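Chains D and E are the protein sequences, given in the same order.
When the letters of the first sequence are read in order and numbered with numbering that gives the first Met the number 0, they come out as residues 0 to 115.
When the letters of the second sequence are read in order and numbered with numbering that gives the first Met the number 0, they come out as residues 0 to 115.
Glycine included, C-beta positions come from ideal geometry on N, C-alpha and C.
All values reported here derive from a predicted model rather than from experimental measurement.
See structure below.
Number of protein chains: 2
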Amino acid sequence: MSIYTIAQASEEVELTPYTLRYYEKEGLLPNVIKDSAGRRKYRDDDLQRIGFIKCLKGTGMSLKQIKEYGDLYEQGKAKFKERNAMLEEHREKILQEIKTQKKYLKMVEAKIQMKI
Amino acid sequence: MSIYTIAQASEEVELTPYTLRYYEKEGLLPNVIKDSAGRRKYRDDDLQRIGFIKCLKGTGMSLKQIKEYGDLYEQGKAKFKERNAMLEEHREKILQEIKTQKKYLKMVEAKIQMKI
DNA sequence: CTAACAGTTAAAGTTAACTCTAAGTCAAGA
DNA sequence: TCTTGACTTAGAGTTAACTTTAACTGTTAG
């Protein structure tokens, strides 16, 4: 399938229809089209975009920053440098976060081993 | 030093005095004592507890669950099993989260490499 | 033809986790 | 003694990210 209703898209990306509409209202999904009755139609492009939004959000980027990134993305190769700079900075943040998670994992494991 | 004012503890654990009072109000720090003038005095025990709270919180546990854990902790070895079960479950969550972070890291890196 | 259904909008409500304000207390230094 | 500064409390305010409500509309099955 390559055209989805909001219910189908919701199922596909594991976000509620409320959330999808909310993301759109916040400007994160500028390319979702509507049919003659005003109903949203999601295409594969849209689902991929949502997938990347989930990736950025899941690694701690705020919706506000995700929107900034998306806005740069919309401006095409003119803003390629800025856009990639954002991603590279974010990459560092993720690496740091993984380190922190590993440290915390060790703390939790130590506590489990304590047996007191 | 082994006794800290709220300002010193705040500095030590990198949380604002507001947050420390808030955690206490929420029951996460049941053992903080006060001097004759009613001012909080943090001991090393308290700082360690805050350190572990930061660990749990930093790995996605809600303050509500952290309080549950702390409440079990207060009940000593009677609740050892339950307490450790919580930690073991949380350990799995952290492991899963690290996996997810690594997957997302790859996605971001792929996007960086795209050069479009 | 009509009832049920899946969608629409604008706007209000919710939740977690702080963060700040206002009014007050207490101890220490000039 | 007076003032300054670091604390105290209860309670209000903030922010992000949803989540729900109310009122409405267009599509589809009987």
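- Among the residues of its own chain, which have a CB less than 6 Å from the CB of ALA116/D, if the five just before and after it don't count? The question about residue 116/D has no answer here: the residues shown for chain D are numbered 0 through 115.
- Within its chain, find whatever has a CB closer than 6 Å to the CB of LEU55/E; leave out the 5 residues flanking it on each side and keep chain order. ILE65
- Message: Please state the DSSP three-state secondary structure of ARG82/E.
- Response: helix
- Query: Is the region 58-74 of chain D touching the region 0-20 of chain D in the sense that three or more CB pairs, one from each, lie closer than 8 Å?
  - Reply: no
- contact_flag[the region 77-88 of chain D, the region 99-107 of chain D] where n(CB pairs < 8 Å) is 3 or more: no
- Message: Between LEU90/E and chain D, is the shortest Cβ-Cβ distance under 7 Å, so that the two count as touching?
- Response: Per the sequence shown, residue 90/E should be read as Arg rather than Leu. It does; some Cβ of chain D falls within 7 Å.
- Message: Would THR116/D pass as an interface residue toward chain E - the criterion being a Cβ-Cβ separation below 7 Å?
- Response: The structure shown does not extend to residue 116/D, since chain D spans only 0 to 115, so no value can be given for it.
- Would you call ASP45/E buried or exposed, if buried means 16 or more other Cβ atoms sit within 10 Å of its Cβ? buried
- Query: So, helix, strand or coil for ARG116/D, using DSSP?
  - Reply: Because chain D is modelled from 0 through 115, residue 116/D falls outside the range shown and cannot be assessed.
- Using a threshold of 7 Å, state whether the C-beta atoms of VAL31/D and ARG39/D are closer than that. yes
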